[in-house]
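Everything below concerns the one structure shown next.
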Amino acid sequence: MDERSQLAARREAIARGAGFHGVLLVAAGQPIPIAGTDQSHEFHAHPDHRYLAGLDVPGAVLTLDPFEGWQLFAPVPGIEDRVWVGDGVPLEELAARAAIDRARPLAELDTWLERRRGEPMAIAGNHDILHRPERYGLAPWEALEPDVHREASEHISQQLAEMRRTKDADELERMRAAGAASLRGHVAAMRLARPGMTERQVEIEIEAEFFRAGALRTAYGSIVGSGPNGAILHIAPSNRDLRDGDIVMVDAGAEIDGYASDVSRTWPVSGRFEGAQRDLYQLVLSVQEAAIADARPGKEYRELHLEACERMARGLVDLGILRGDPASLVERDAHALFFPHGLGHMLGLATHDAGGCLAGRAPSDRFGLKWLRADLPLQSDYVVTIEPGFYVIDALLRDPLRREQYHDAVNWGRVDGLAGFGGIRIEDDVRITAGEAEVLTAEIPKQIDAVEALRREAIER
Ligand code: GLY
Ligand code: MN
Ligand code: MN
């Protein structure tokens, strides 16, 4: 099915499954102003709008009316907009891209709604249209007296989240392209980062490659943590310089046509993983590979996470960092002192994509589970990340309460000797299939030999 038929089929499925006879608005959202300036944050259309309309146009609203079907309302630039930002894409062209019969100026939405006064209404996509209607050229909602059905709105959003879990051929193509762009960025970093370069300089090189490969933006703020900074899970790259003996944790992904890739690699500045770095890297890698091998339809993601935690705990016992029986250590969440986040999450139009939790399941508040972002049985053509890690995080490991709670479970002398170690994360994007999973980011080197070979190219240059 081509992309346009796919958009129409998605809308058809929503119209059929909504169980709602009324007006539906799916807004893209309006740009968010940067306070105190005349600028705005970079615009991202709400993923549900993008999923149904295939567009990334600020202020666009997709509407469904039981009699008129689907329509698109989009802003038409006035003379001032045309002077400063250009003519934009004509409505006919937007309609063609969205595979929709009718695209109308956003300025007509107010009258269109006025004619539907009192009809039941559901809202999906960006709810800013409810909170700031004036930015869409609408009268205040009180004046329009809408009959907004909260339950129908939630039902439609949930339906969208469920549909978005399964990626179609076109989405998978974009995700493969995003993975290919990420490959270029990560390989460039490994191949050129030298002692004395800063984390920020590494980020610049990675992102330049993403953009050269066709990405319009990164899928999320790139993470580059060298030495102890690698233990900060979402660290923004700083001016710290890379030093011999450090490992560097890089988590960066390109976005192509709205689709994210999300990739972490960890490499040694000197060109060689030494001592504990090598052992712990190999442990994280083997935990990641085992989880990828076990990812198949029907597998509960939570189980995959808990099995990865147990493998991690076993490895840490073998390395003399944890003490005790691995299964009991995981029951006590002792592994989470070193691997506090979840094994991964859904991936797609958002980096932490919609639909991660099966309806009716709530995130656990257990220390070892509370940052798990996916809790559902896997199905073919879901795309998830698999990203175990090991970190020496002072905030956890120097906490007196935790040291007391886990006094018998941790070799604290050994852990204190790892001060400044930083962190290791290895993350790939994995498409579930009936057979072996397809790793969309498989070409990005992660075996020790391959990583060290790239690092030698940088050092010997
Ligand atoms: N890059 C964010 C994450 O891995 O979840
Ligand atoms: Mn991730
Ligand atoms: Mn990541």
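Residues 55 to 515, numbered by our numbering, are exactly what the sequence shown covers, in order. The C-beta atom is built at its ideal place from N, Cα and C for all residues, glycine as well. Remember, predicted model here, so these are calculated numbers, not experimental data.
Item to check | Beta-carbon proximity of V111 to F127, cut-off 8 Å | outcome: no
Checklist entry - Excluding sequence positions up to five away, which residues of its chain have a Cβ less than 7 Å from the Cβ of L6? => result Outside the shown range of the chain (55 to 515) lies residue 6, about which nothing can therefore be said.
Next on the checklist: Taking DSSP's pairing of strands, which residues face E309 in a bridge?
Outcome noted: R271 and A314
Item to check | Secondary structure, alpha helix (DSSP H): runs of 4+ residues fully inside the stretch 148-190 | outcome: 163-168 and 182-185
Checklist entry - Looking only at its own chain, which residues have a Cβ that is under 6 Å from the Cβ of P454, when we skip the five neighbours before and after it? => result none
Checklist entry - Where DSSP assigns a beta bridge to Y436, which residues make up the other side? => result T220
Checklist entry - Should E441 be counted as a contact of ligand 1 given a C-beta to heavy atom distance under 7 Å? => result yes
Next on the checklist: If the criterion is Cβ atoms closer than 8 Å, does the pair L214 and A178 meet it?
Outcome noted: yes
Item to check | Simplified DSSP state of I478, which is helix, strand or coil | outcome: strand
Next on the checklist: On the DSSP bridge list, what partners appear for R485?
Outcome noted: V437 and E492
Checklist entry - With respect to 7 Å, is the separation between the Cβ of S318 and the closest non-hydrogen atom of ligand 3 below this value? => result yes
Item to check | Limits of the alpha helix (DSSP H) - the one that L61 falls within | outcome: E57 to G71
Next on the checklist: Just to confirm before moving on: does the CB-CB distance between G422 and I478 stay below 8 Å?
Outcome noted: no
Item to check | Nearest-angstrom Cα separation, counted from A72 out to H209 | outcome: 7 Å
Item to check | Same chain, Cβ closer than 7 Å to L339, five either side skipped, listed in chain order | outcome: I480 and K500
Checklist entry - What are the boundary residues of the beta strand (DSSP E) that includes W138? => result Per DSSP, W138 belongs to no beta strand (DSSP E); it is in the alpha helix (DSSP H), I133 to V139.
Checklist entry - Mind checking whether the beta-carbon of E261 lies closer than 7 Å to any heavy atom of ligand 3? => result no
Item to check | Strand pairing of W124, partner residues [DSSP] | outcome: L118
Item to check | Proximal residues to I25 (C-beta, below 7 Å), its chain only, five neighbours per side dropped | outcome: Residue 25 falls outside the range modelled here, since the chain spans only 55 to 515, and no answer is possible.
Next on the checklist: So, with DSSP's three-state summary, where would you put P129?
Outcome noted: coil
Item to check | Burial state of T117 (16 or more Cβ within 10 Å) | outcome: buried
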